[in-house]
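Heads up, the sequence shown is in my numbering, so the first residue is 16 and it goes up one at a time.
Have a look at the structure below before the remarks.
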Amino acid sequence: MRAGLARTMTVAAAVAVAAVATVSVACSDGSGTTGGGDTGGDAGGDAGGDAIEPTGSVRVNEVVNKAPDNQADWVELYNTADTETALAGWFIRDQNDGHRFDFPGTAKIPAKGFLVIYGKGGPTDLVMDFAFKSGDAARLFDADGKLADQTDWNDGDAPEGTSWGRYPDGTGAFVKLVPTLGSANSAP
Ligand SMILES: [Ca+2]
16 MRAGLARTMT VAAAVAVAAV ATVSVACSDG SGTTGGGDTG GDAGGDAGGD
66 AIEPTGSVRV NEVVNKAPDN QADWVELYNT ADTETALAGW FIRDQNDGHR
116 FDFPGTAKIP AKGFLVIYGK GGPTDLVMDF AFKSGDAARL FDADGKLADQ
166 TDWNDGDAPE GTSWGRYPDG TGAFVKLVPT LGSANSAP
């Protein structure tokens with residue numbers, strides 16, 4: 016009985032918090048800020064202008080660290096900008112600094128588009144020579160060697176058959192998703 020009461024009170028408290036949150040959003044500038052806590056940040060977003068320049072708009076969008084049937088892992092990037100972004104000089108690391116994938120000089124990601132890089136054994140020419148672990152990280156660096164975006168996950172966050180991705184694309188917090196390789200992430 017005590018447990019039941021405590022549970023009821025917890026639910027009531029959660030509802031109260033949700034109500035307060037709703038009010039505070041309604042009173043703000045109406046931008047509908049959601050999914051806080053993203054350390055990827057929107058800083059340095061020099062969007063527009065020369066598409067050759069890194070814009071800071073390319074995000075780690077989705078990761079499969081355990082693909083079914085011994086298929087390759089993959090990491091999907093999403094470009095939040097309205098212009099194509101060249102990825103020459105950019106590179107990806109997992110949690111291990113000794114692991115590094117350098118994009119070929121011709122690599123580009125379309126405006127509001129996706130780009131998939133596979134782990135070891137992948138089917139395209141964008142293939143890393145390492146694979147993600149069940150607890151690991153995907154770190155994207157720009158041509159200046161600056162960390163452009165990253166995510167990390169723990170064992171169990173995204174088991175086989177699922178992915179670890181942002182919703183909505185590029186801006187949302189990372190959660191467990193149904194994999195959508197090279198296309199818009201699905202709602203959790
Ligand atoms: Ca996707």
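Glycine residues also receive a C-beta, built at the ideal position from the N, C-alpha and C atoms.
Predicted model only: the values in this text are computed from it and were never measured.
Taking a 10 Å sphere around the C-beta of LEU196, we find fewer than 16 other C-beta atoms and assign the residue as exposed. Per DSSP, the beta bridge partners of LEU192 are SER178. Where TRP89 is concerned, the enclosing beta strand (DSSP E) starts and stops at 89–94. Counting the other Cβ atoms within 10 Å of the Cβ of ALA199 gives fewer than 16, which makes it exposed.
The criterion of a C-beta distance shorter than 7 Å is not satisfied by LYS135 and ALA126. Within 6 Å of the C-beta of THR195 there is at least one heavy atom belonging to ligand 1.
For the pair VAL79 and PRO194, the CB atoms are nearer than the 7 Å cut-off.
For ASN200, the distance from the CB to the nearest heavy atom of ligand 1 is below 6 Å. Using a Cβ distance threshold of 7 Å, THR177 and LYS191 count as a contacting pair. The alpha-carbon separation between ASP109 and ARG154 amounts to approximately 6 Å.
Assignment of beta strand (DSSP E) within the region 131–176, counting only whole runs of 3 or more residues, yields 151–156, 162–168 in chain order. A distance below 6 Å between beta-carbons, with the five flanking residues on each side excluded, links TRP89 to the following residues of its chain, in chain order: VAL79, VAL131, TYR133. Under DSSP, ALA103 takes part in no beta bridge, so it has no partner.
Remark: the shortest separation between the CB of GLU91 and any heavy atom of ligand 1 falls under 6 Å. For ligand 1, a non-hydrogen atom lies closer than 6 Å to the CB of GLU77. By a beta-carbon distance limit of 8 Å, THR95 does not contact GLY180. Their separation comes to about 14 Å. The Cβ atoms of VAL75 and ASP159 lie no closer than 7 Å to each other.
Residue range 73–79 is occupied by the beta strand (DSSP E) that includes ASN76. Residues SER149, GLY150 of the same chain have their beta carbon placed closer than 7 Å to that of ASP170, with the five preceding and five following residues left out of the count.
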